[in-house]
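Letter 48 of the sequence shown, counting from 1, is numbered 48 in the numbering used here, and no numbers are missing.
Structure record follows, encoded as structure tokens.
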Amino acid sequence: MRGWAGGRRPKVAVLHLGGTIGMSLSAVGWVPDPAVLTRFLESTPLLSHPDVPDFEVIRQEPLLDSSNSRPADWVQLATNIVAYSPRFDAFVVLHGTDTMAYTASALSFLLEGLDKPVILTGAQLSLEHVLSDGRDHLLTALVLAGMAQVPEVSILFGDVLLRGNRAQKVSNDEFMAFESGNLAPLAYVGARIKVNSHLVRKAGPGPVRLRPLIRSPEVVALRLFPGITAQLMARMLAEPTEGVVLATYGTGNFPSNDQALLAVLAQAIERGVVVVNISQCHRGRVEQSTYGTGTALDRIGVISGADMTAEAALTKLYCLLGQGLDRVTVKRLMTQDLAGEMTPERVAPGTPVVMSLPAVTD
Ligand code: ASP
């Protein structure tokens, strides 16, 4: 037996929120069913192996398909983590995969001073499916939570542990369903667990506290597409919209030859709407100064979201506006790394230096 640090078996809270991992097949398709996890717990003696931490399952009522979750559910989950924190060394959150990246991102912004692991996991196949990936995920998440080497909000899926606010769901059928295109995994799970400790954030001072939201801001996610009209965009940016996550092309490019479209965006910004530019690409960062189609956005006051995911940018904007901060502060904080969600410098340490091609001479 490996033995736990300090000789004490850690205590983990398993917060069951829903998702395929605990679903059964009904007449209308797969739906959450509390009995699925109960049956698994009762029929799996391995869960009481001494290398598995002590754990207690706390079920949310009702369990949700995560496509039904809303910001109020992020806040409820964060509130519960704060409330249970004195009793537990770590948390495992069983959650649907569809919006897991949003919940993980939101938690990273709502929890202040976090000093213990919060690992979200789920499955592509229910625990009752013969090929379920959920059995390994639950066991591995428990062990990782007990090891307490990654005291931040993360997602365990397949054989990787990813920073929660860097992860995106990239497949709806492969077992490697999540990736974090702009940050290497925090840990790899194999015959040994390899932690990329240089990437792991320092534990907060604890005890964890909730950054309270005082209102529900109107935030919009707008993905550009060729042919988007000024009329359509104007509707999306009209009152009561307060914040926009604009998913642009490539390095942050926009159809700048459409003056009407650009004018709609500029007017919204003048009205006080916070517009954040993120890329539709899973990897790479927004560099608004690269192309003329990007500098146009720079000129009218669109904020670069650097290498944030759409999920991180949206939840960050929601949480900052929801805290009642003024627009100037929100804009400033959107460009700063608050919870490991973005790489602030253009060239991160260790990134290969890109050489410019020599000028062509004749
Ligand atoms: N629709 C499910 C959910 O997000 C999908 C899953 O869990 O994999 O709850």
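For each residue, glycine too, the CB sits at the ideal point set by N, CA and C.
Computed from a predicted model, the values in this text were never measured in an experiment.
Exercise. Within the chosen definition, does the stretch 99 to 112 reach the stretch 332 to 343 through at least 3 CB pairs nearer than 8 Å?
Worked result: yes
Exercise. How is the alpha helix (DSSP H) around TYR102 delimited, first residue to last?
Worked result: 100 to 110
Exercise. If you compare alpha carbons, which of TRP74, VAL208, TRP30 and GLY305 is closest to GLY250?
Worked result: GLY305
Exercise. When the Cα of PRO205 is compared with those of GLY113, THR99 and GLY96, which residue comes out closest?
Worked result: GLY113
For this session: Please confirm whether any heavy atom of the ligand ASP lies closer than 7 Å to the CB of THR97.
Result: yes
Problem set entry | Cβ distance (whole Å) where LEU77 is taken to contact THR103 below 8 Å | 7 Å
Problem set entry | the stretch 142 to 156 / the stretch 192 to 202 touching (three or more Cβ pairs under 8 Å) | yes
Problem set entry | CA-to-CA distance, LEU161 to VAL245, given in whole angstroms | 26 Å
Exercise. How many angstroms separate the CA atom of THR343 from the CA atom of ILE303?
Worked result: 15 Å
Exercise. Going along the chain, which residues of its own chain have a beta-carbon closer than 7 Å to the beta-carbon of ASN80, five neighbours each way excluded?
Worked result: LEU15
Exercise. For the ligand ASP, is there a heavy atom less than 7 Å away from the beta-carbon of GLN168?
Worked result: no
Exercise. How would you write the range of the beta strand (DSSP E) that ASP54 sits in, first residue to last?
Worked result: 54 to 64
Exercise. Are there three or more Cβ pairs, one per stretch, closer than 8 Å when the stretch 5 to 19 is compared with the stretch 54 to 72?
Worked result: yes
For this session: Kindly say whether VAL189, judged by its beta-carbon, lies nearer than 8 Å to any beta-carbon of chain C.
Result: Reference to chain C is not applicable here, since this structure consists of a single protein chain.
Exercise. Taking the continuous alpha helix (DSSP H) assigned at GLY322, which residues delimit it?
Worked result: 310 to 322
Exercise. What is the DSSP secondary structure of SER16, reduced to helix, strand or coil?
Worked result: The question names Ser, but residue 16 is His in the sequence shown. Of the three classes helix, strand and coil, the one that applies to HIS16 here is strand, per DSSP.
Exercise. Do you know how far the Cα of SER132 is from the Cα of VAL170?
Worked result: 19 Å
Problem set entry | DSSP three-state assignment for ILE228, whether helix, strand or coil | coil
For this session: Taking LYS194 as part of the alpha helix (DSSP H), name the residues at either end of that continuous run.
Result: First-last for LYS194: 193 to 195, but that is the beta strand (DSSP E), not the alpha helix (DSSP H).
For this session: Kindly indicate which residue of ARG235, ALA148 and GLN259 has the alpha-carbon position closest to the one of ASP115.
Result: ALA148
For this session: Look up GLN259 in the DSSP assignment and say whether it is helix, strand or coil.
Result: helix
Exercise. Using the C-alpha atoms, what's the distance from PHE178 back to HIS95?
Worked result: 13 Å
For this session: Note down the Cα distance separating VAL273 from LEU120, rounded to an integer number of angstroms.
Result: 32 Å
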